[in-house]
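Engineer: Read top to bottom, the protein sequences are chains S and W. When we follow my numbering, the leftmost residue of the first sequence carries the number 185, and every step to the right adds one. When we follow my numbering, the leftmost residue of the second sequence carries the number 56, and every step to the right adds one. Beta carbons are placed, not taken as given, at the ideal position from N, Cα and C, and that holds for glycine. Quick caveat: nothing in here was measured; it's all calculated off a predicted structure. Quick one: structure below, then a few questions.
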Amino acid sequence: MTTTVEEILERKSHAVTRDPEQAPTHDIREALFELEAKGEIVVQRVPENHIEVKTKYGRTKKIPVEHTWHHKSCGQCGHIPGYTSSIFWLHRQFGLDYIDPTDQTSCTGWNYYASATSNAVAQAAVMIRNFAAAHETGYFPMIHCGTSYGHYKEIREQLVHHKELRDEVRRVLDKMGKPLVIPEELVHYSEWIHAMRNRFAEKQTVDMSMITATVHPACHYYKIVAEDAIYDPDIYGGQRTATVTGTLQSLGINVADYSTWFDCCGFGFRHVLVERDFTRSFSTLRKIEVMKNEVNPDVTVTHDTGCVTTLDKSQFSAKAHDRKVGIPVLSDAQMAALAMGAHPFRVVQFHWHSTDWRPFLDKLGINWQKYWDEFQGDLELIRSGQKSGITWEDADAPVVYG
Amino acid sequence: MPTTQENWNPGKLEDRHPEVSYEEKERLFLEVKNDPRYEDFLYGCFECGICVSACPSARFYDYSPRVIAQAMAREDIVRVYDIISEDIWNCAQCFSCVRCPRQNNPGGLVTLLREVAVNNGLQETKDVLQGYSRVIYKVMLKGNQVSPDMLQPDFFPDWGPWVGQFSANMPVWRKAIPVDTLRGVTDAAWKTDRKTLLELYTIWFETGNMDIIKEIDEGLYDLLADVMQEELEEG
């Protein structure tokens, strides 16, 4: 039977609600429970306090609200720490129980995708070591990095399908006295943000209705093992992932569409570190400049480490070439925190971002200079040894903008 | 000359690496093909080009995920060698290509090809990764890919004056972060327990990951092995 273009366009003009019974892929969680029943693995259950969301093929995914073990991101913590502090700050605003562990390594996936100087067993063992560390605490893993999330989803598939890989990983983990633990759900922090977005809106103190934002959905969030990403018929008709966009809309922000939304940011893993001509060109010519020409947003928002870094840092050299750039880049966590009154420098840490963010804060009516001066006071106290550093005690209270 | 089954050679270029024997090329191809993940990543190719249209690298390099899927599916040993020695490092590993209607994963194939290139110490691969060694050192030793002290103006000159400003203020800016595991840490992304790092080193040795490093950069291997073995012996 032939399908006409008109029929396809007609079908795509309606919101899509998918039936999980018709999903083209198996439900990996069923396979996990089968392996657990055979005594092969331990499945860590999602805590009782969770919110249910729908994923690409209409399946239900449980997002823990609290009692979470935060699998931090090396790129966020190393180069954009306001990303990490915003995630924790949001938890603290609701008094939610969480662990910020020191018994955690990165997934090492960035290196694997950049250089392949590893192998499937090593990558799986790193993942399971981290999951076993979380399991020991009784807290459920929440993964901050989009690449860790995508990489772990792929490793989970490989572990389920390849017994020899499970056996080899178990042999390595035995040396540390750790079991082969896989969580019932792999949860990305932006899914928690999405699930909590209406609660954030209830505590919102900064009006953001004058802001136009573009969204860059992170490739490793929704392209790797695509069926695990959150989709919602009310957002893009259920035909693109709903994370980030749903959050921004709940905060009253106008999300504007642009033609190259599917393109990657240009990060390239290896490229961003040692071959940045590709990274700079792609991120500015295919993303930033397109956004600027088509919708001229006040900010672009994404939900992964590499995307924030690449889209933000690449704009300096493009500006030197008179390209049409100049869009500040933030994560959804930073946007939500800012909307709820997080201090722009103690919490959101704008000073780690290089594309000029001042016009964006001006538009929000935030007198950034006042808070920058306040932060400079903090730094002086640290420099003089009167203060060892900024703590949550300094940062927890929301700013009340006059 | 009429096209026959013997001379039909669509799109095939000349052998760009005649210095490498066919047997060696075939050995490398079979190493890729025998990876247990290979069958999950390649189901054939419609030659529709959807992967190319989604591929960021195809816009900037002479690079095509479709050619990779085709060459692998056809078992074109000579072409696969060109790919493994040259093309694979152009891939951005974004996995935009997995929108393939045949369910192929060209990005995953590239991962396998890269692993084989690294494991066999191909000279082209050593050349590509030469400038990357300091990152491998960091991730294997600290368990973090990047750290604040990597933000130096000579390493990121194209990121603008911000990098210089940051590196001048690094110790104090890092202390001005409220997250307990980040505050004051400059040589890693966060504070990691010593026990955790020892477990990571155990993984690198037990899984053959250290042998991979030895194959690609013996000097780096010696550096890493010295530190890790000493730490593991101390316990």
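From W:A172, W:L253, W:D272, pick the residue whose C-alpha is nearest to that of E286 of chain W; which is it?
Structural biologist: For the purposes of this step, residue 286 of chain W is identified with residue 231 of the second sequence, where counting begins at 1. For E286 of chain W, the nearest C-alpha among the options comes from W:L253.
Engineer: Based on the DSSP secondary-structure assignment, which residues constitute the bridge partners of M326 of chain S?
Structural biologist: Numbered from 1 along the first sequence, position 142 holds the residue referred to as residue 326 of chain S. Beta-bridge pairing links M326 of chain S to S:H254.
Engineer: For Q200 of chain W and N264 of chain W, what's the separation of their Cα atoms in angstroms?
Structural biologist: Reading the second sequence from its first residue, position 145 is the one you call residue 200 of chain W. Reading the second sequence from its first residue, position 209 is the one you call residue 264 of chain W. So the two alpha carbons sit approximately 16 angstroms from each other.
Engineer: Indicate whether P203 of chain W and D578 of chain S have their beta-carbon atoms separated by less than 8 angstroms.
Structural biologist: Here residue 203 of chain W refers to the residue found at position 148 of the second sequence. Here residue 578 of chain S refers to the residue found at position 394 of the first sequence. Not in contact: P203 of chain W and D578 of chain S (Cβ atoms no closer than 8 angstroms).
Engineer: Which residues bound the beta strand (DSSP E) around A397 of chain S?
Structural biologist: Counting from 1 along the first sequence, the entry for residue 397 of chain S is found at position 213. It spans 396–400 - the beta strand (DSSP E) in which A397 of chain S sits, taken as one unbroken run.
Engineer: According to a CB-to-CB cut-off of less than 7 angstroms, which residues of the region 188–205 of chain W neighbour chain S?
Structural biologist: From the region 188–205 of chain W, only V190, I191, V194, G198, N199, Q200, V201, S202, P203 have a Cβ closer than 7 angstroms to chain S.
Engineer: Which residue wins for smallest C-alpha separation from T180 of chain W, given the options W:C152, W:P161, W:D137, W:R157?
Structural biologist: Along the second sequence, one-based indexing puts residue 180 of chain W at 125. The option with the nearest alpha carbon to T180 of chain W is W:D137.
Engineer: Taking 8 angstroms as the cut-off, does the region 87–98 of chain W touch the region 424–436 of chain S (at least 3 CB pairs, one atom from each stretch)?
Structural biologist: No, the region 424–436 of chain S does not touch the region 87–98 of chain W.
Engineer: Less than 8 angstroms separating the beta-carbons of D367 of chain S and Q228 of chain S?
Structural biologist: Your numbering for residue 367 of chain S matches position 183 in the first sequence. Your numbering for residue 228 of chain S matches position 44 in the first sequence. According to the sequence as given, residue 367 of chain S is Pro; it is not Asp. Yes, the Cβ-Cβ distance between P367 of chain S and Q228 of chain S is below 8 angstroms.
Engineer: DSSP on C228 of chain S, reduced to helix/strand/coil?
Structural biologist: If you number the first sequence from 1, residue 228 of chain S lands on position 44. In the sequence as presented, Cys is not what sits at residue 228 of chain S; that position holds Gln. Correct three-state label for Q228 of chain S: strand.
Engineer: Below 7 angstroms CB to CB, which residues in the same chain sit around C449 of chain S once its five sequence neighbours on both sides are set aside?
Structural biologist: Locating residue 449 of chain S in the first sequence gives position 265, counting from the first residue. So the list reads H400, S467, K471, G490, C491, T494, L495, once near-sequence residues are dropped.
Engineer: Cβ closer than 7 angstroms: which chain W residues qualify as neighbours of L563 of chain S?
Structural biologist: Here residue 563 of chain S refers to the residue found at position 379 of the first sequence. Near L563 of chain S (Cβ distances below 7 angstroms), the residues of chain W are V227, A231.
Engineer: Given a cut-off of 8 angstroms, decide if L164 of chain W and A304 of chain W are closer than it, judged by their beta-carbon atoms.
Structural biologist: Limits of chain W in this structure are 56 at one end and 290 at the other, which puts residue 304 of chain W out of reach.
Engineer: Do E411 of chain S and T209 of chain S come within 8 angstroms of each other at the CB atom, strictly closer than that value?
Structural biologist: Residue numbering aside, residue 209 of chain S sits at position 25 when the first sequence is read from its first letter. Residue numbering aside, residue 411 of chain S sits at position 227 when the first sequence is read from its first letter. Yes, the pair counts as a contact, with Cβ atoms nearer than the cut-off.
Engineer: Any chance the region 226–242 of chain S sits against the region 413–422 of chain S, with 3 or more Cβ pairs inside 8 angstroms?
Structural biologist: Yes: at least three Cβ pairs fall under 8 angstroms.
Engineer: Looking at the strands, I want to know which residues DSSP matches up with S140 of chain W.
Structural biologist: Along the second sequence, one-based indexing puts residue 140 of chain W at 85. Answer is none; S140 of chain W lacks a bridge partner.
Engineer: Does W445 of chain S get closer than 8 angstroms to chain W when you measure Cβ to Cβ?
Structural biologist: Here residue 445 of chain S corresponds to residue number 261 of the first sequence, with the count starting at 1. W445 of chain S does not count as touching chain W.
Engineer: Between the C-alpha atoms of W536 of chain S and W228 of chain W, what's the straight-line distance to the nearest angstrom?
Structural biologist: Indexing the first sequence from 1 puts residue 536 of chain S at position 352. Indexing the second sequence from 1 puts residue 228 of chain W at position 173. Rounded to whole angstroms, W536 of chain S to W228 of chain W spans 9 angstroms at the Cα level.
Engineer: Enumerated in chain order, which unbroken segments of the alpha helix (DSSP H) with a length of 4 residues or greater are wholly contained in the region 471–511 of chain S?
Structural biologist: Fully enclosed alpha helix (DSSP H) runs of 4 or longer: 473–478, 489–497, 499–504.
Engineer: Helix, strand or coil: which one does DSSP assign to E236 of chain S?
Structural biologist: Sequence index remark: in the first sequence, residue 236 of chain S carries index 52 (1-based). Reduced to three states, the DSSP call for E236 of chain S is strand.
Engineer: Under the three-state reduction of DSSP, which class applies to S119 of chain W: helix, strand or coil?
Structural biologist: To locate residue 119 of chain W, count along the second sequence from 1; it is residue 64. Note: S119 of chain W maps to coil in three-state DSSP.
Engineer: Among S:Q307, S:A300, S:H378, which has the Cα closest to the Cα of H335 of chain S?
Structural biologist: Locating residue 335 of chain S in the first sequence gives position 151, where the first residue counts as 1. Here the closest residue by C-alpha is S:Q307.
Engineer: How is H72 of chain W classed by DSSP in three states: helix, strand or coil?
Structural biologist: Here residue 72 of chain W corresponds to residue number 17 of the second sequence, with the count starting at 1. Coil.
Engineer: Around the Cβ of N174 of chain W, are there at least 16 other Cβ atoms within 10 angstroms (buried) or fewer (exposed)?
Structural biologist: Taking the second sequence and counting its residues from 1, the one referred to as residue 174 of chain W is at position 119. Buried.
Engineer: Please report how far the alpha carbon of A397 of chain S lies from the alpha carbon of G510 of chain S, in whole angstroms.
Structural biologist: Working through the first sequence from its first residue, we reach residue 397 of chain S at position 213. Working through the first sequence from its first residue, we reach residue 510 of chain S at position 326. Going from the Cα of A397 of chain S to the Cα of G510 of chain S covers about 13 angstroms.
Engineer: Does any CB atom of chain W fall closer than 8 angstroms to the CB of S393 of chain S?
Structural biologist: The sequence position of residue 393 of chain S within the first sequence is 209, counting from 1. Chain W, which has no Cβ nearer than 8 angstroms to the Cβ of S393 of chain S, makes this no.
Engineer: The beta strand (DSSP E) with T244 of chain S in it runs from where to where?
Structural biologist: Locating residue 244 of chain S in the first sequence gives position 60, where the first residue counts as 1. It spans 244–248 - the beta strand (DSSP E) in which T244 of chain S sits, taken as one unbroken run.
Engineer: Below 8 angstroms on the Cβ atoms is my contact criterion, and I expect Q288 of chain S with T247 of chain W to pass it. Report the Cβ-Cβ distance as a whole number of Å.
Structural biologist: Start at 1 with the first residue of the first sequence, and residue 288 of chain S comes out as number 104. Start at 1 with the first residue of the second sequence, and residue 247 of chain W comes out as number 192. About 7 angstroms; that satisfies the 8 angstroms criterion.
Engineer: Answer with buried or exposed for Y77 of chain W, where buried requires no fewer than 16 other C-beta atoms within 10 angstroms of its C-beta.
Structural biologist: In the second sequence, the residue the question calls residue 77 of chain W occupies position 22. By the 10 Å Cβ count, Y77 of chain W comes out exposed.
Engineer: If the cut-off is 7 angstroms on Cβ atoms, which residues from the region 246–272 of chain S count as contacting chain W, listed in chain order?
Structural biologist: Cβ contacts with chain W come from K256, C258, G259, C261, G262, H263, P265, T268, S269, F272.
Engineer: Out of W:R249, W:Y118, W:D95, which one is the CA nearest neighbour of E289 of chain W?
Structural biologist: Mapped onto the second sequence, residue 289 of chain W falls at position 234. Answer by Cα proximity: W:R249.
Engineer: List the residues of chain S whose Cβ lies closer than 9 angstroms to the Cβ of L97 of chain W, in chain order.
Structural biologist: In the second sequence, residue 97 of chain W corresponds to position 42, counting from 1. None at all; the shortest Cβ gap to chain S is about 15 angstroms.
Engineer: Run through the DSSP bridge pairs and tell me what V365 of chain S is partnered with.
Structural biologist: Taking the first sequence and counting its residues from 1, one reaches residue 365 of chain S at position 181. Answer is S:V226, bridged to V365 of chain S.
Engineer: Just verifying my parser: in three-state terms, what is the DSSP assignment at Y98 of chain W?
Structural biologist: Reading the second sequence from its first residue, position 43 is the one you call residue 98 of chain W. DSSP places Y98 of chain W in coil when its eight states are reduced to three.
Engineer: Could you tell me how far apart the beta carbons of T162 of chain S and I191 of chain W are, in whole angstroms, since I believe they sit closer than 8 angstroms?
Structural biologist: Here chain S has residues from 185 to 586 only, and residue 162 of chain S is not among them.
Engineer: I'd like the list of long-range same chain contacts for V532 of chain S, defined as Cβ closer than 7 angstroms, with 5 residues on each side in sequence excluded.
Structural biologist: Numbered from its first residue, the first sequence carries residue 532 of chain S at position 348. So the list reads G266, S270, Q518, A521, L522, A526, once near-sequence residues are dropped.
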